[in-house]
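Colleague: Residue numbers (my numbering), protein chains in the order written: chain A, 1 to 412; chain B, 1 to 397. Even glycine gets a Cβ: it sits at the ideal position worked out from N, Cα and C. None of these values were measured; they are calculated from a predicted model.
Pasting the structure below:
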């Protein structure tokens, strides 16, 4: 059985989100002042509207108030949002993804009863996973096909004091930090072998957030400092939460949401170039009637379509690990495969799209230079494609590393 | 074959390297970071460079310039671009039009404009070709009279009246003298019906519109030019009426001025970016550590560095050959090919550079950020389909 039909629900939500993006996001996101890559201020009103449409709670199960979207549906929605504004897509995908992981899979009943109403109750209540710490070398690099060095121990600590946990440490590059109502914080508890995850509301005493002022990220990202931050003992998640949230449970096999965001950027550039090539007349004919431009557009379409195929396969696989067991799919980190292919293909696609615009392709009040920048952010965030290829190669070589908590975190 | 530089060429290279290291590099990132496009220009660096000859080095010695050869010019553009590609271009843009003055202007026109240009450290030159509805059409003019540029010039007694507008014109916001291509006969193809005029910035009826907010080359300004009954004396016609395309160095024209210098210019400037990227990458790989070892210990990093240097040195060979051919007055079509190649090389080298540097957590350093934005300028100037087909047609001509 090989079936590439989208379900009626998937088609409907794609149309709904595409329509929402056309009506509510693009008119604002394409304003000249918004296209300057130095301006990363979030379009909060549009994020609120998307939340009301159910996109903040998309992957949360239906019986808990979400839409229960599977991985593929979440990727479809993310692509549509990112085609309008990559920052909006980044904020919503993170909240939706974590809503499923935290409320559906990691929390116990008491934790859920305490926190779910708050999450459902506010369009501006976003979720963040505070895992990364400054100065931590997350790359595989020299440790390719070798035992991990004594890298990447979690330095943020949680110490039991009476009925509370006292958290100390600093996290950085935390997606959604400036807009989060709740943090899932990766901490080290003395005496435990691996890292643990503690739930810390953003208004807990001793939490301070500083937004990163940097054009090399999507959405809203920041540093989170915990200074003698006190949370109730009941906020500790179960033992498997760290592996779940860092992706260590299935490294390179997670939902390729970041890749779907990358795809949305590429599609926006491609569609802009296609529209322009139909309208702009040079040499007495529309650009699209010139061989040179036609070929470039065809190559761009090929890159976008093949990238989507890789991303959708990885998305579906992340929900159907049994398809690996029955040999329908290769036992490879398909998310990482999609990441490398899509980020390189879309980088080229955005550059080619910009070239079709001539000088307008490099102007800060025009969208093409922003798409190029956004594609670069996707290509070079995290550890980069050189490192990603080494991770794939380790699997090809059949190499298994013992005690891989920290290394798996690097795979995020 | 002799690849050694003469003492004079070597001394220009050294002077440019010193100026780049001591004056340009220290201000480069700050100028690039200025958010308002109109304010990125810095007269201080232009004046300092001008006093060292970097503004006028393509003007012949008999006219008060330095009269350098093309090899020296290529060396200087590369050295300056290694510190800041946009500032290098801000200087060399003057050479491009100095070459045009030498090859296309009458003695009387040279007398009127060259001494003033040479004497004034803040005198910069530009040329207006592109218009909002005519980009590729001007770069590769067709036969249809309805295509191409629209700016009209009509003879009225001893003057020409110009009406229309130009877009993306380099140095427009700060230049003192411009070459302007205008249609003097709309009933024939642009190639036959276009005339070139010398237009000083204080010409009545001529003004500058917006300054374009580019993602790369931010120091180097491009602006709109607006002509509303601008009055230009007939004495300012360059060459013949209807002869603009020929005089720009097109088919049958001068083999080294105008376009062909522009080709060498873009290739030499790209080489500077590539030098900067490869040398910085190597230095970084030999000092930064990963997993307790130098980055350079990794095979992948060695391969990336190898490719960066291989491409950069291949481009250098091509650039120097073209410069030498220009000096030998060899009618060569290599300049355009070198320019196209420089686009491929600067793209690949800057991509490799990013891969070697990587993001530090979720931050990319400002130097890398600038380098890749500057490098992308080549994609619409030097390596787009039009510029490649244009060179192919030169080969076939």
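(1) To the nearest angstrom, report how far apart residue 255 (chain A) and residue 119 (chain A) are at their CA atoms.
(2) Give a yes or no on whether 8 Å exceeds the smallest Cβ distance from residue 40 (chain A) to chain B.
(3) Do residue 89 (chain A) and residue 81 (chain A) have their C-beta atoms closer together than 8 Å?
(4) Check whether chain B comes within 8 Å of residue 407 (chain A), counting only Cβ atoms and requiring the distance to be less than that.
(5) So for residue 254 (chain B), helix, strand or coil by DSSP?
(6) To the nearest angstrom, how far is the alpha carbon of residue 306 (chain A) from that of residue 267 (chain A)?
(7) Here's the rule: buried if 16 or more other CB atoms are within 10 angstroms of the residue's CB, otherwise exposed. What is residue 75 (chain A)?
(8) Determine, for residue 363 (chain A), whether the minimum Cβ-Cβ distance to residues of chain B falls below 8 Å.
(9) For the segment 352-360 of chain A against the segment 105-116 of chain A, do three or more pairs of beta-carbon atoms, one drawn from each stretch, fall closer than 8 Å, so that the two count as touching?
(10) Tell me whether residue 368 (chain B) is buried or exposed, calling it buried when 16 or more other Cβ atoms sit within 10 Å of its Cβ.
(11) Can you check which of these residues, B:190, B:200, B:196, is closest to residue 116 (chain B) by C-alpha distance?
(12) I'd like the list of long-range same chain contacts for residue 85 (chain B), defined as Cβ closer than 7 Å, with 5 residues on each side in sequence excluded.
(13) I need the DSSP call for residue 99 (chain B), collapsed to helix, strand or coil.
(14) Only counting the same chain, and skipping five residues up and downstream in sequence, which positions put a Cβ closer than 7 Å to that of residue 176 (chain A)?
(15) Decide if residue 205 (chain A) is buried, meaning its Cβ has at least 16 other Cβ atoms within 10 Å, or exposed.
(16) Comparing the C-beta of residue 402 (chain B) with each C-beta of chain A, is any distance below 8 Å?
(17) Name the DSSP beta bridge partners of residue 237 (chain B), please?
(18) So residue 342 (chain A) and residue 259 (chain A) are in contact, right, with Cβ under 8 Å, and what is the actual spacing, rounded?
(19) Spatial neighbours of residue 83 (chain A) within its chain, please: CB distance less than 6 Å, with the 5 preceding and 5 following residues excluded, ordered by chain position.
(20) Would you mind sorting residue 393 (chain A) into buried or exposed? The rule is 16 or more other CB atoms within 10 Å of its CB.
(21) DSSP beta-bridge partners for residue 400 (chain B)?
(22) What does residue 398 (chain A) reach in chain B if we use C-beta pairs closer than 9 Å?
(23) Are the beta-carbon atoms of residue 57 (chain B) and residue 95 (chain B) separated by less than 8 Å?
(24) Tell me which residues share the same chain as residue 145 (chain A) and place their Cβ nearer than 7 Å to its Cβ, disregarding the 5 neighbours each side in the sequence.
(25) By a C-beta neighbour count over all protein chains shown, 10 Å radius and 16 as the cutoff for buried, is residue 108 (chain A) buried or exposed?
(26) Can you tell me the Cα-Cα spacing of residue 216 (chain A) and residue 36 (chain B), whole angstroms?
(27) With hydrogens ignored, establish whether the beta-carbon of residue 233 (chain A) is closer than 7 Å to any heavy atom of the ligand NAD.
(28) Less than 8 Å between C-beta atoms, sequence neighbours within five positions excluded: which residues of the same chain meet that for residue 333 (chain B)?
(29) Assuming contact is defined by CB atoms lying nearer than 8 Å, are residue 193 (chain B) and residue 283 (chain A) in contact in what I supplied?
(30) Could you pull out every residue in the same chain whose Cβ sits closer than 7 Å to the Cβ of residue 346 (chain B), ignoring the five residues on either side in sequence?
(31) Mapping DSSP to helix, strand and coil, what is residue 431 (chain A)?
(32) Using a C-beta to C-beta distance shorter than 8 Å, which residues of chain A count as neighbours of residue 372 (chain B)?
(33) Inspect the CB distances between the segment 182-189 of chain A and the segment 152-160 of chain A and report whether three or more fall short of 8 Å.
(34) For the segment 45-78 of chain B, which residues have a beta carbon sitting closer than 7 Å to at least one beta carbon of chain A?
(35) Can you list, in chain order, the residues of the segment 213-233 of chain B whose Cβ is nearer than 7 Å to any Cβ on chain A?
(36) Just verifying my parser: in three-state terms, what is the DSSP assignment at residue 180 (chain B)?
Modeller: Concretely, from the data shown:
(1) Your numbering for residue 255 (chain A) matches position 255 in the first chain. Your numbering for residue 119 (chain A) matches position 119 in the first chain. Taking the straight line from one Cα to the other gives about 22 Å.
(2) Taking the first residue of the first chain as position 1, residue 40 (chain A) is located at position 40. With 8 Å as the cut-off, residue 40 (chain A) does not count as an interface residue toward chain B.
(3) Taking the first chain and counting its residues from 1, the one referred to as residue 89 (chain A) is at position 89. Taking the first chain and counting its residues from 1, the one referred to as residue 81 (chain A) is at position 81. The answer is yes: Cβ separation under 8 Å.
(4) Against the first chain, residue 407 (chain A) aligns to sequence position 407. Bear in mind that a pLDDT of 42 at residue 407 (chain A), under 50, signals an unreliable position, so the model cannot answer this.
(5) On the second chain, position 254 is the one that residue 254 (chain B) refers to. Bear in mind that a pLDDT of 48 at residue 254 (chain B), under 50, signals an unreliable position, so the model cannot answer this.
(6) In the first chain, the residue the question calls residue 306 (chain A) occupies position 306. In the first chain, the residue the question calls residue 267 (chain A) occupies position 267. Those two C-alpha atoms are separated by around 12 Å.
(7) Along the first chain, one-based indexing puts residue 75 (chain A) at 75. With 16 or more Cβ atoms within 10 Å of its Cβ, residue 75 (chain A) is classed as buried.
(8) For the purposes of this step, residue 363 (chain A) is taken as residue 363 along the first chain, with counting starting at 1. Closer than 8 Å to some Cβ of chain B, the Cβ of residue 363 (chain A) qualifies, so yes.
(9) no
(10) Here residue 368 (chain B) corresponds to residue number 368 of the second chain, with the count starting at 1. When all chains shown are included, residue 368 (chain B) counts as buried.
(11) Residue mapping note: residue 116 (chain B) aligns to position 116 of the second chain, counting from 1. Out of B:190, B:200, B:196, B:200 has the C-alpha closest to the C-alpha of residue 116 (chain B).
(12) Translated into the one-based positions of the second chain, residue 85 (chain B) becomes position 85. If we look at residue 85 (chain B) and ignore the five residues flanking it on each side, its Cβ neighbours are 217, 269, 272, 273, 374.
(13) In the second chain, counting from the first residue as 1, residue 99 (chain B) sits at position 99. Helix.
(14) For this step, residue 176 (chain A) is matched to residue 176 along the first chain. Once the five neighbours on either side are set aside, the close Cβ partners of residue 176 (chain A) are 91, 94, 95, 126, 127, 128, 219, 220.
(15) The sequence position of residue 205 (chain A) within the first chain is 205, counting from 1. Label assigned to residue 205 (chain A): exposed.
(16) This structure does not reach residue 402 (chain B), given that chain B is present from 1 up to 397, and the question cannot be answered.
(17) Position 237 of the second chain, counted from the first residue, corresponds to residue 237 (chain B). Residue 237 (chain B) is bridged to B:197.
(18) Sequence index remark: in the first chain, residue 342 (chain A) carries index 342 (1-based). Sequence index remark: in the first chain, residue 259 (chain A) carries index 259 (1-based). Confirmed, about 5 Å.
(19) The count along the first chain starts at 1 and reaches residue 83 (chain A) at position 83. Only 264, 267, 268 meet the Cβ criterion.
(20) As a first step, residue 393 (chain A) must be located in the first chain, where it is residue number 393. Classification of residue 393 (chain A): exposed, given that the 10 Å Cβ count is below 16.
(21) The requested residue 400 (chain B) does not occur in the structure, where chain B is confined to residues 1 to 397.
(22) Locating residue 398 (chain A) in the first chain gives position 398, counting from the first residue. Correct list: empty, because the minimum Cβ distance to chain B is about 20 Å.
(23) Here residue 57 (chain B) refers to the residue found at position 57 of the second chain. Here residue 95 (chain B) refers to the residue found at position 95 of the second chain. Going by C-beta atoms, residue 57 (chain B) is nearer than 8 Å to residue 95 (chain B).
(24) To locate residue 145 (chain A), count along the first chain from 1; it is residue 145. Here the set comprises 394, 397, 399.
(25) Numbered from its first residue, the first chain carries residue 108 (chain A) at position 108. It is exposed - the Cβ of residue 108 (chain A) has fewer than 16 other Cβ atoms within 10 Å.
(26) The residue labelled residue 216 (chain A) in the question sits at position 216 within the first chain. The residue labelled residue 36 (chain B) in the question sits at position 36 within the second chain. Straight-line Cα distance between these residues: approximately 20 Å.
(27) In the structure on display, the ligand NAD does not appear, and there are no ligands present to speak of.
(28) Along the second chain, one-based indexing puts residue 333 (chain B) at 333. Here the set comprises 391, 394, 395.
(29) Looking up residue 193 (chain B) in the second chain gives position 193. Looking up residue 283 (chain A) in the first chain gives position 283. Result no, Cβ atoms of residue 193 (chain B) and residue 283 (chain A) do not sit closer than 8 Å.
(30) Locating residue 346 (chain B) in the second chain gives position 346, counting from the first residue. So the qualifying residues of the chain are 270, 273, 274, 375, 378.
(31) What the structure shows of chain A is the stretch from 1 to 412, and residue 431 (chain A) is not part of that stretch, so it cannot be assessed.
(32) Counting from one through the second chain, the residue named residue 372 (chain B) turns up at place 372. Ordered by position in chain A, the residues that pass the 8 Å Cβ test against residue 372 (chain B) are 376.
(33) yes
(34) none
(35) 213, 214, 215, 216
(36) Position 180 of the second chain, counted from the start, is the residue given in the question as residue 180 (chain B). Strand at residue 180 (chain B).
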